[in-house]
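Chains as they are written, first to last, in the UniProt record's numbering: chain A, 1 to 325; chain B, 1 to 325; chain C, 1 to 325; chain D, 1 to 325. Think of the CB as a built atom: it goes at the ideal place given N, C-alpha and C, for glycine as much as any other residue.
There are 4 protein chains.
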Amino acid sequence: MENAVKRIGVLTSGGDAPGMNACIRAVVRSALGRGIECVGIRRGWSGLINGDIMPMDSASVSRIINRGGTMLYTARSDEFRTEAGQQRAVNTCKLLGLDGVVAIGGDGTFRGAQELSKRGIAVVGIPGTIDEDIVCTDYTIGFDTAANTAVECIDRLRDTMQSHERCSVVEVMGRHAGYLALYVAMAVGATAVLVPEVPYDFEHQVVEKIRRARLGGKTNFMIVVAEGAASGIAVGDEIRRELGLDPRVTILGHIQRGGSPTAHDRVMATRMGVEAVRVLAEGRSSRVICYRDGRIIDMDIDEGLRMQKTLDPEELAVMETMTGV
Amino acid sequence: MENAVKRIGVLTSGGDAPGMNACIRAVVRSALGRGIECVGIRRGWSGLINGDIMPMDSASVSRIINRGGTMLYTARSDEFRTEAGQQRAVNTCKLLGLDGVVAIGGDGTFRGAQELSKRGIAVVGIPGTIDEDIVCTDYTIGFDTAANTAVECIDRLRDTMQSHERCSVVEVMGRHAGYLALYVAMAVGATAVLVPEVPYDFEHQVVEKIRRARLGGKTNFMIVVAEGAASGIAVGDEIRRELGLDPRVTILGHIQRGGSPTAHDRVMATRMGVEAVRVLAEGRSSRVICYRDGRIIDMDIDEGLRMQKTLDPEELAVMETMTGV
Amino acid sequence: MENAVKRIGVLTSGGDAPGMNACIRAVVRSALGRGIECVGIRRGWSGLINGDIMPMDSASVSRIINRGGTMLYTARSDEFRTEAGQQRAVNTCKLLGLDGVVAIGGDGTFRGAQELSKRGIAVVGIPGTIDEDIVCTDYTIGFDTAANTAVECIDRLRDTMQSHERCSVVEVMGRHAGYLALYVAMAVGATAVLVPEVPYDFEHQVVEKIRRARLGGKTNFMIVVAEGAASGIAVGDEIRRELGLDPRVTILGHIQRGGSPTAHDRVMATRMGVEAVRVLAEGRSSRVICYRDGRIIDMDIDEGLRMQKTLDPEELAVMETMTGV
Amino acid sequence: MENAVKRIGVLTSGGDAPGMNACIRAVVRSALGRGIECVGIRRGWSGLINGDIMPMDSASVSRIINRGGTMLYTARSDEFRTEAGQQRAVNTCKLLGLDGVVAIGGDGTFRGAQELSKRGIAVVGIPGTIDEDIVCTDYTIGFDTAANTAVECIDRLRDTMQSHERCSVVEVMGRHAGYLALYVAMAVGATAVLVPEVPYDFEHQVVEKIRRARLGGKTNFMIVVAEGAASGIAVGDEIRRELGLDPRVTILGHIQRGGSPTAHDRVMATRMGVEAVRVLAEGRSSRVICYRDGRIIDMDIDEGLRMQKTLDPEELAVMETMTGV
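Shown next as structure tokens:
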């Protein structure tokens, strides 16, 4: 049965994330190891629509395991949201004789995979996005690198804050999910953290935390803000107005997207890439590779997209214990 | 019932690991948050024997979350292996009125905790060791930092290897456990990896891998060796003799022990520290904090020490797929 | 004659810079080596006014050579600009019996040193500021670390730009001096750089550079802006309006101020600190330590502050050659 | 007159050094900017002998400014030391119509350049070697990156030393020149440093330094050894035998050769590359680009190779002041 699968494609879609290259490498090499040919599709779904492809052999993915970004480029495609666009993508798959596609990206990528699956193309999704906003998996490729980048930047800010006795507001990525902000805040010992999942309450979430910290002897205050919770600049202004402090605001922005992937991102990307090929080789489709309960598994895409994630209340409680003290 | 616990001690023992400071900080601050006093015990079990202590308040653990090493120092103690030594440690606990002790370290530390528990002192262990050689937990504090340090060093070696078309042998830590070596090898895309869990077979594990890589077009070969599997220098000599290559041997040694902890190590250290205090506050003893199936739990120390770990065969298989190709 | 100097003070003033701690360490230890006592003055000139001091022995500067920020804190002081404030500072020197003061900081710090010198206190300045805006020296402590921090951040942006085919605008520090921006731009291979020394001409400095790059086959454009030349956000808006690109704007801000100092900053800080103590020990005053023509020398503060620096035309020409191509 | 130069070659030879790629990029792009064609010669002099070339356009050096190693590979060539080899290299130059060659490397590379110049080929050398062992220049490309790599590794060792109260011996590169070791020792605040320029005297250089440090209250001792001064392992053994300490020995080896070049190395490489092309374009030959007295200049190769460098006595004195205290 495995023999049915002769040729697959691999693409990256949505925002890029460190580790995507390591994942592409794993898909290509484990496919070759199974005797399956692999085609690279450039610029995500848009590349599948337009037949923007490149042949992939083992050497083509040499020396990329440690590179940020994605060698296959990525793009968002409006056309792929239309029926016509999806049909053109299906046609490309047929023309190329692709028995399956591995799509690395976020929620939007998985919705695309879902559509393509409905039209008869075997697709397996791999979660790759720095803000870990995919509900069905406990890990998304790129998160660890983004967290470490943010932590290193904030460590630098702390050095200079401590020299001057100051307040700092740092806006990190996370439009819909606050896990990255929460994680980073815990790792830097932040005074307070604002996440989109908790309604913004300046008095309770910021003022009280800063006060408790000041009363406890601290003279430096680090406020971490997920971009989806509030604007870092607005929070800074409010602190200036309400507390008479003069906070410095830093917006990390796309710095968090780049950089050589951490060991964790490379290993997860490799393991997920190998797993995705195994699923396709076993003749399954419409699956998404997930990390759950410490294991890499695969799950039905529809089921995965239906799930609802909330912030782990236990981690929120730990954060509550550890901040502002 | 929680009120019973009024004062606890915290110590680090065995080899130090990045994240130990973050863990000490979490123990101190979460204890204080529960109204429990906290005493720092310096130089591990030896400090408990000799009453080498320091008072800990919230400020005493300021600005250490990002520091490598351990502010409480660590040492190995022969005396603590004797009955007399253990009795003196118990006496110190009684003198200081310690209702419990949090001991951060490796297997040896847990055996010490076991002994002390038998003598009536409530002890909770937290796994802190860079080579992840503790059988009952899927994570030990310091592993992620050590892995990233090794990966960064090997990335540097790859730069210069690629300029010269060479072979490199890198010896990483891991006397009894090869997980660190395996993980690092996967993260750098090594040609071959030697671990203590698999009997050393030069022909099969090294020669064949290098040959397959060379036949596949590669001209650079990276061999990762866990110190417990073989000596890096010996492997280098054998490659020189048998294959006519001129490998460079690098021994990373204690570089892997130091450095500012990664985000992951800080977060795990914080969460495990909070959990250990919770277990003590709930009046339990002889427990070890573990990370299993993606969750932080606590387990009986005896049970934990009885467990046997082998390398995850699935990860070995992934490694087999991904190396030498 | 050297014996005249028995006790000196050391302070850091103005914005902090990586390497200040290494410099404090060198001042303290080389003074002690000459049998001169050393007093730390906290929070810059303001600390000298208020007698905010700490005793310094050899151990007090242990383990700080690799730390960002300044252990003596720094602050800006309005009071020190008044005659009354300066007189109070002189009084503190007399009370403490300080035979000299080493002041580490920027232009403003040197003006303070000048005033104090006029009132009979021996003062030697050491240039410490990340944006290298001090005219009389070719190097200021902190510059190298700030440059490397900016370069690492921009390298990360390049990863993600290359995945998406984009334009990036990065604002770096440099209110009055563009050398940091120019240096960073050269190190990252920027498409264009805007510095305060050259009047802002969007058409010539940005549009033409981007066009030349695009015609030369590039699809990614990195624009580096010194904060004193233009606002990064304004430049981004203009690019959007005039060229139809959608640039990402990043403002590095105070991230550039922190971090463990580079080897270069530690060595320069050490050598300059040793030199400042030598100058004071030789009974000289009103001097500033400079790096000129590859050598560490000392110069009269008045003379130093009178000098005018312009951007090295040769470096500008190299930049012109290397950008936008 | 400049028009005479129509086509040049560029090669890297000897050990690779971070920044070589940035230098190749600068040579290629500034040549193109002057209307001069540029050919890449692979594997150093050996590639010139064998005609191992690649065409270079502007795009061929895109995205390499931040890469360690050398895209042109490097090798040592015994054949080039023979008259026949040199003649074959000259023939390649004639066949390809090369009006000049830029050779990036160390002393050996410059001797090659000298020979080739004698045979009528215009050659300009650029100093690229991590151990700064070229006598005529104050800077060699790669030194700053190697120093920072060593410093980062030693900072990690210090973390773990401080947890355990230990002695560490670190062997750094430098077969004939101790400047890298001296510089690194100053940057990490080493207890002692051994350089090839000073005859090895264990009692005076190591024992006395450790004793002074211990008497001054230190419990950690960091000994930096240049590979040309002594074997790190031998020094460790002697410390064990004579002082009863149990030192950890680390040999950094080729880790120092790799890694993304620092800002300083990229800027120096760029400026030196531009200068080399200018010299060739002006019709000069047999020159080496040097950094002297804070300026980039060019010098006659014969004169450069005749110079004798000794360690700056002032830096040695500073080191003497700052270590062991």
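When the options are compared against residue i, the one with the closest alpha-carbon
i         : options                                    : result
Ala22(B)  : Val206(B), Ala263(B), Ser285(B), Asp237(B) : Ala263(B)
Leu116(D) : Glu83(D), Thr12(D), Glu303(D)              : Glu83(D)
Gln205(A) : Met186(A), Arg241(A), Val235(A)            : Val235(A)
Leu182(B) : Gly228(B), Gly244(B), Gly216(B), Pro247(B) : Gly228(B)
Leu252(B) : Arg119(D), Met222(D), Val207(D), Ile154(D) : Ile154(D)
Ile49(C)  : Ala75(C), Arg156(C), Gly85(C), Val184(C)   : Gly85(C)
Ser286(D) : Val198(D), Gly125(D), Lys209(D)            : Gly125(D)
Thr219(A) : Leu96(A), Arg43(A), Gln162(A)              : Gln162(A)
Arg266(D) : Arg81(C), Val184(C), Glu238(C), Val10(C)   : Val184(C)
Arg81(A)  : Gly216(A), Gly112(A), Val61(A)             : Gly112(A)
Cα-Cα separation, residue i to residue j
i         : j         : result
Val318(D) : Arg158(D) : 22 Å
Gly283(C) : Val172(C) : 40 Å
Gly142(D) : Ile64(D)  : 15 Å
Ala281(A) : Val5(A)   : 6 Å
Gly14(A)  : Arg119(D) : 58 Å
Ile121(C) : Glu275(B) : 57 Å
Val169(C) : Met272(B) : 41 Å
Ala17(B)  : Thr70(B)  : 8 Å
Ile53(B)  : Thr250(D) : 32 Å
Gly247(A) : Ala146(A) : The residue asked about is misnamed: residue 247(A) is Pro in this sequence, not Gly. Whole-angstrom Cα-Cα distance: 24 Å.
Arg212(D) : Ser260(B) : 30 Å
Ala187(C) : Lys209(C) : 17 Å
Arg7(C)   : Thr92(C)  : 13 Å
Thr191(D) : Ala230(D) : 16 Å
Pro313(B) : Val198(B) : 11 Å
Cβ distance (whole Å) where residue i is taken to contact residue j below 8 Å
i              : j         : result
Ile255(C)      : Thr149(C) : 6 Å
Gly258(C)      : Gly68(C)  : 5 Å
Leu72(A)       : Ile24(A)  : 6 Å
residue 379(B) : Val123(B) : Residue coverage of chain B in this structure runs from 1 to 325, which leaves residue 379(B) outside it and unanswerable.
Thr137(B)      : Cys290(B) : 4 Å
Leu305(A)      : Gln114(A) : 7 Å
Ala89(D)       : Gly44(D)  : The pair is not a contact, with the Cβ atoms about 10 Å apart (cut-off 8 Å).
Amino acids of chain B, ordered along the chain, whose beta-carbon sits closer than 8 Å to that of residue i
i         : result
Thr321(A) : Arg29, Ser30, Gly33, Val274
Ile251(D) : Thr250, Ile251
Ile255(D) : Cys153, Arg156, Leu157, Thr250
Gly287(A) : In the sequence under discussion, the amino acid at residue 287(A) is Arg, which differs from the Gly named in the question. Within chain B, no residue comes near Arg287(A); the closest Cβ sits about 18 Å away, beyond 8 Å.
Chain-ordered neighbours of residue i on chain A, where CB pairs are closer than 9 Å
i         : result
Thr140(C) : Chain A residues near Thr140(C): none, gap ~16 Å exceeds 9 Å.
Closer than 7 Å at the beta carbon, the chain B residues around residue i
i        : result
Asn66(A) : Asp155
Residue i: contacting residues in chain A (beta-carbon distance under 7 Å)
i         : result
His264(C) : Within 7 Å Cβ-Cβ: nothing; His264(C) doesn't reach chain A, min ~17 Å.
Thr74(C)  : Ser163, His164
Gly236(C) : None at all; the shortest Cβ gap to chain A is about 12 Å.
Interface residues of chain C facing residue i [CB-CB closer than 9 Å]
i         : result
Val188(D) : Ile65, Asn66, Ala263, Arg266
Chain-ordered neighbours of residue i on chain D, where CB pairs are closer than 7 Å
i         : result
Val318(C) : Thr270, Arg271, Val274
Val151(C) : Ala263
9 Å Cβ cut-off: residues of chain B touching residue i
i        : result
Gly69(D) : Arg158, Asp159, Thr160, Met161, Gln162, Ser163, His164
Residue i CB to nearest heavy atom of the ligand PLP below 7 Å
i        : result
Gly19(B) : Looking at this structure, you won't find the ligand PLP or any other ligand, since it has none at all.
Chain D contact residues for residue i, given Cβ-Cβ distances below 8 Å
i         : result
Ala184(C) : Looking at the sequence shown, residue 184(C) is not Ala but Val. Those within 8 Å of Val184(C) in chain D are Ala263.
For this session: Would you check if the region 295-306 of chain D and the region 176-186 of chain D touch, i.e. whether three or more CB-CB distances between them fall below 8 Å?
Result: Output reads no: the region 295-306 of chain D does not touch the region 176-186 of chain D.
Problem set entry | Sufficient close CB pairs (3 or more, under 8 Å) joining the region 300-313 of chain B to the region 45-60 of chain B | no
Exercise. Any contact of the region 96-112 of chain A with the region 32-51 of chain A, i.e. 3+ C-beta pairs under 8 Å?
Worked result: yes
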